[in-house]
Structure formats: C-alpha cells, structure tokens
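From first to last, the protein sequence lines stand for chains X and H. Going by my numbering, the first residue of the first sequence is number 6, and it counts up by one from there. Going by my numbering, the first residue of the second sequence is number 33, and it counts up by one from there. Contents: one structure, followed by commentary.
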Amino acid sequence: MSRTTIIRFLSIVTFLVLVSFAGNATKEKKFDVTETIMHHIGDAHEWHLWGEGHSGTSIYLPVIIYDKELKIFSSSHFYHGRIMPVVDSLKPTEYLLGEGDAKGYALFHEKIYKVKDGALQFHGLHPHNAMPMDISITKNVLSLFIGAFILLLVMLSTSLYYKKNGAVAPKGIAKFIEPLIVYVRDEIVKPNIHGAKHTRYIGFITTVFFFILVNNLLGMIPVFPGGANLTGNISVTLFLAVCTLLVTVFSGNKNYWKHIFATPGVPWALLPIMIPIELVGIFTKPFALMIRLFANMTAGHIIVLSLISIIFINKSEAWGLLSVPMALFISVLEILVAFLQAYLFASLSALFIGAAVEEDHH
Amino acid sequence: MNLVTPSYGLLFWTGITFCLLLLVLAKFVWKPVLNAVNARSQKIDEALLEAEKARQEMKSLHAENERILKEARAERDAILKEAKEAGAKMIEEARDKSKVEGAKLIEAAKAAIGSERNAAIADMKAQIASFSVDIAEAIVKESLASDEKQKALASKMVEDIKLN
C-alpha cells in the first residue's frame, strides 16, 4: 500500500471516529485551575477537542478491561452515563456511572472501578471498590500510537531513500533525519560506549532518543493529535528507565560486577557498606532518568497551562496580553527542553551502558 | 499521587509499542541508513584517495613530458649543430676544390694565352716581315725612280760592301 493511500485511509478513519463519537451535553462548572491542569496533564479515556463540559466535542476512546473476560466498549458509555455526586468527601466531586456496555463499572478520576450495590463506596476521596485490569486505549495510548506512526513514517521514508538511491548524498526528508541519526551515533553512543561494542547499542539508544523526541514534540502541539502529556507520564518514563536498567544489567561484564561487589581499592572491612550502596546505585541511575524526563515534561506542561489559566482565573481576555506572550516564550523553551531531554535520556543511558561494558584499565 | 502512580494499561501499551518500534527501526532504519552513511563515507574516502593518486600520476606524467621535451630539444640542437658543421665542411671543401680548379683554369688560361701570344707574335713577325718587304719594295721603287738616287744607292751599297 502506498504512502498516500495509508494517509487517506487514516484521515477517513479519523473523520469517522470524530463523527461517530462526537457528542454534546450541557453543564457549566466553576473554573478550578488545579483540576483543569491536573486533568490536562493526566490521562483520560476521551480525547477532548473543544467545547465546555458535556456540550464539548470529544473523541471517545475504546475502553478495554479484563474482568474475568475481555470487555471492549466505547468510553462514551461512561461520559454519557449517570453523574453521581460523592457525598462522603471534603471537596464536592463526582464520578460517572457507566451505562449500556459499561454497566457495572464506574469512572472516577479516569480510573475504572467495579460498582457494588449500584454505587461506589468512598472513604474520603478514595473509593475502595475493586478495579478491573484496565488496558484501554486512553488519550496517552492513542498519542503513543500517533507518535509511533509519525516516527515510522518519517524513518521508513528516510530508509527508503537510501534503498532507492544507494549510498548517495541525502535529499528531502533523509537530509533532515540522517544528520540526527549520525549525531546520535557519533555524539551520544560512540563517546560513551568505547570500542566496537557500541554498534550493539546503537539500535536501542537511537530508538530511545527519537521515541522521546517525537513524543516530547507531539506533546507541545496544543491541539489534536498532540497535547497529550505522554513523556510526562510516569508509566512511559518508568518503562524507558526499566529498559535502560535491563540493558545495563544484562550487558554488565565481569569488571562491572567486580566494581559493585568488590570495588577495587576499598578495604575489605568497608565492603558490607559499599555493596548495598553500589546495589542501590544500580537502581538510582535509571530512577533518576525516569524522574528527570517525567518532571521536566510535566513541569513544562504545567507552566504553559498555568500561564494560559491566568486568563480564566481573572475572567478577562485582556490578561491574554500578558499570559499569551509568556506562554509562547515557555513553549519555545519547551521545544528546546524536548530536544534536551531526549538527548539527556539517550546520553545518560549510553553512559550507564558504557560503564557496564567498560574493560578493566587498572 | 495520581500523577506518580504508573498505570498498567499505559505501561503495557508503551512496552508493546516501544519494543515493536525498536525492532522495526533497528532492522529497517538505523542499520540500513548507517550502512548507507558508512558506505558513502568510504566511497568519498576512496574517491579522495584516487584523486590524490591521479594527481600524483599527472605530476609524474608532467615530469616525464618535460624530460622528453628536454631530450628532444637537446637532440634537435645536436642535429642542428651537426648540420651546421657539415655545411661548413662542405663549404670549406667546395672552396678548396674551387680554388684548385680555379688555379688549374688560370694555369690553363695562362698557357693558352702564352701560346696564343707566341702564335700572335709569330704571326706579327711574319706580317711585319711581309710589311717590311712591301715597304722596302715601295721604298726601293721610290728611291730608284731617278738616276741620282740609283747611283746613291749603288754607292751606298758599295760602301756597305766595303765595310763588310
């Protein structure tokens, strides 16, 4: 199937999804800045496009839950379900009781709970109902797929150029992508992983770099198909960090383990202290990677949203004169951060792997 | 707290997507692209090396040309010199030969002139003799025109005879 056919097919699918899932309802709510921001940077089972509350337009994403059996239904069964107030709470809040296919489940803060006796049982702000295994295509998952699709499209067309033309000077998309790939290899992988061993890790490091970069940039687009805070989601950064951890541990050579269990130059008496420290060190490095990416991207989104919220807090468009230029400035800064964080994650991963495969020099 | 609690769904999909991306990109993109880049840089290196070699060859070829030209020039000079020498020699020889020939000719001419002159002198002598006879005849005729003159002559002749 040619590239244009794929693009046409996808745009038709997108259109159909928009038309079939789009819905309207009404209710005006007081503007709560914390809730708005938390809602934007969090995950959701719908992709909100425009409009307020139930009169807005959203893409209702499929809910996939495993509760003894696999259940797949549209999230509109929650969003168009019954709005239930949470009585036993300090702060007035509400949850959505599923109807139709979603009967027997409720959605509270984008989490699916099993309904008991026709309602959720709250203890303060937390329901203590059972939760089915939720592997829904949420906003972040869809964003993940879009990012992966863009990445594949760009990268495969780059690859196709070389397949067609052989080893010649790049043109078009290849001219833009090739220097980035070569940069990752020459400036991130090679300086950190010494010797011929580095070729084994080019695939992982380059994929990590471009995966983070594309999703970071996609997150900076304020409208569909961007705007999801994917790389600012702890699940994603956790997965990437675990990958780095596993690659590091499984590529670790004798020298690496010797440094952990019998650090050279350390007296034997100190080893009972050193070994736990070194063992914790194995985990703190990827943990720092996880937190760094998550915190940087989430913080960026929060700042932009906060600046835009100034207008809504003050209920005056005039504040836009202040908040829009500031949000623009931060957005531009965030583009830099998008590249920087992708570089840092890839670079530090390469550094950790490089340290694990380093040969003994003593 | 919600913010820092990983959700299994997203973790699951991230895992699947990332692993698939890693497989596809590593096999179909990073490897072929970097191979192409390596092949290209090797090609460029080779081309540069070849260009350098060609330049060296050109240089040596140029030197060779120069040498051949120099040799040709020397040869030309030698040939010219030789020709000049041969020419001079020929001229010299011709001159010598012509001198000898000339001398011979002059000698011959001289001999011819001498014999001619002798012949002329002889001829002149004969003519003078004949003229003298004629003159003498005329004179005799004149002097013997009168008696006195005959007598005088006879007397003179007689005198001459006496003297003899």
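Glycine included, each C-beta is placed from N, C-alpha and C at the ideal position. Since this is a predicted model, take the numbers as computed values, not measurements.
Discussion item. Per the DSSP calculation, residue 87 of chain X is bridged to which residue(s)?
Written reply: Here residue 87 of chain X is taken as the residue at index 82 of the first sequence, counted from 1. Note: residue 87 of chain X sits in a beta bridge opposite X:102.
Worksheet entry | Inter-stretch contact at 8 Å, needing at least 3 Cβ pairs: the segment 292 to 312 of chain X / the segment 327 to 342 of chain X | yes
Worksheet item: What residues from chain X crowd round residue 24 of chain H, counting only those whose CB sits closer than 8 Å?
Response: Any property of residue 24 of chain H remains undetermined from this structure, which presents chain H solely from 33 to 196.
Practice prompt. Could you tell me whether the Cβ atoms of residue 89 of chain X and residue 124 of chain X are closer together than 9 Å?
Written response: Taking the first sequence and counting its residues from 1, the one referred to as residue 89 of chain X is at position 84. Taking the first sequence and counting its residues from 1, the one referred to as residue 124 of chain X is at position 119. Yes; because the gap between Cβ atoms is below 9 Å, this pair is in contact.
Worksheet item: Mind listing which residues of the segment 132 to 166 of chain X have their C-beta closer than 8 Å to chain H's C-betas, in chain order?
Response: 138, 139, 140, 141, 142, 143, 145, 146, 149, 150, 153, 156, 157, 160, 161, 163, 164
Item to complete: State buried or exposed for residue 50 of chain X, treating a residue as buried only when at least 16 other CB atoms are found within 10 Å of its CB.
Response: Here residue 50 of chain X is taken as the residue at index 45 of the first sequence, counted from 1. Residue 50 of chain X should be labelled buried.
Worksheet item: Going straight from the alpha carbon of residue 28 of chain X to that of residue 104 of chain X, what length do you get?
Response: Locating residue 28 of chain X in the first sequence gives position 23, where the first residue counts as 1. Locating residue 104 of chain X in the first sequence gives position 99, where the first residue counts as 1. Confidence at residue 28 of chain X is low in this model, with a pLDDT of 37, below 50, so the placement of that residue is unreliable and no value is reported for it.
Worksheet entry | Members of the segment 63 to 97 of chain H that neighbour chain A once the beta carbon cut-off is set at 7 Å | In the displayed structure, chain A is absent; the protein chains listed are X and H.
Fill in: Contacts that residue 58 of chain H makes with chain X (C-beta to C-beta distance below 7 Å)
The residue labelled residue 58 of chain H in the question sits at position 26 within the second sequence. Ordered by position in chain X, the residues that pass the 7 Å Cβ test against residue 58 of chain H are 208, 212.
Practice prompt. List the endpoints of the continuous alpha helix (DSSP H) containing residue 53 of chain X.
Written response: As a first step, residue 53 of chain X is located in the first sequence; it is residue number 48 there, counting from the start. No alpha helix (DSSP H) contains residue 53 of chain X, which is instead part of the beta strand (DSSP E) from 51 to 55.
Worksheet item: Straight-line CA distance for residue 149 of chain H to residue 167 of chain H?
Response: Here residue 149 of chain H refers to the residue found at position 117 of the second sequence. Here residue 167 of chain H refers to the residue found at position 135 of the second sequence. Cα-Cα distance, rounded: 25 Å.
Item to complete: For residue 185 of chain H, I'd like the list of residues in its chain whose CB is within less than 8 Å of its CB, leaving aside the five on either flank, ordered along the chain.
Response: Position 153 of the second sequence, counted from the first residue, corresponds to residue 185 of chain H. Cβ neighbours of residue 185 of chain H beyond the five flanking positions: 175, 176.
Item to complete: Measuring alpha carbon to alpha carbon, tell me which of X:343, X:290, X:312, X:283 ends up nearest residue 333 of chain X.
Response: Position 328 of the first sequence, counted from the start, is the residue given in the question as residue 333 of chain X. Cα-wise, what sits closest to residue 333 of chain X is X:312.
Discussion item. For residue 343 of chain X and residue 234 of chain X, which I take to be in contact (beta-carbon distance under 8 Å), what is that distance rounded to the nearest angstrom?
Written reply: If you number the first sequence from 1, residue 343 of chain X lands on position 338. If you number the first sequence from 1, residue 234 of chain X lands on position 229. Residue 343 of chain X to residue 234 of chain X, Cβ: 12 Å. No contact.
Worksheet item: Would you report the Cα separation of residue 163 of chain H and residue 173 of chain H, rounded to the nearest angstrom?
Response: The count along the second sequence starts at 1 and reaches residue 163 of chain H at position 131. The count along the second sequence starts at 1 and reaches residue 173 of chain H at position 141. Using only the alpha carbons, I get a separation of about 15 Å.
Worksheet item: When the Cα of residue 41 of chain H is compared with those of X:39, X:141, X:189, X:78, which residue comes out closest?
Response: Counting from one through the second sequence, the residue named residue 41 of chain H turns up at place 9. The shortest C-alpha separation from residue 41 of chain H is found at X:141.
Discussion item. With a threshold of 9 Å between beta-carbons, can residue 303 of chain X be considered close to chain H, or not?
Written reply: Counting from 1 along the first sequence, the entry for residue 303 of chain X is found at position 298. For residue 303 of chain X, the answer is yes, since a Cβ of chain H falls inside 9 Å of its Cβ.
Discussion item. Does chain H have any CB closer than 9 Å to the CB of residue 358 of chain X?
Written reply: For the purposes of this step, residue 358 of chain X is taken as the residue at position 353 of the first sequence. So no, residue 358 of chain X is outside the interface.
Practice prompt. List the DSSP bridge partners of residue 68 of chain X.
Written response: Against the first sequence, residue 68 of chain X aligns to sequence position 63. DSSP, once it has assigned bridges, lists X:78 as partnering residue 68 of chain X.
Discussion item. DSSP three-state label for residue 357 of chain X, please.
Written reply: For this step, residue 357 of chain X is matched to residue 352 along the first sequence. Residue 357 of chain X: helix per DSSP, three-state reduction.
Practice prompt. Let me know the secondary structure DSSP gives residue 170 of chain H once reduced to three states.
Written response: In the second sequence, residue 170 of chain H corresponds to position 138, counting from 1. Residue 170 of chain H: helix per DSSP, three-state reduction.
Worksheet entry | Residues that residue 114 of chain X contacts on chain H, provided the C-beta gap is smaller than 8 Å | Taking the first sequence and counting its residues from 1, the one referred to as residue 114 of chain X is at position 109. Those are 34, listed as they occur along chain H.
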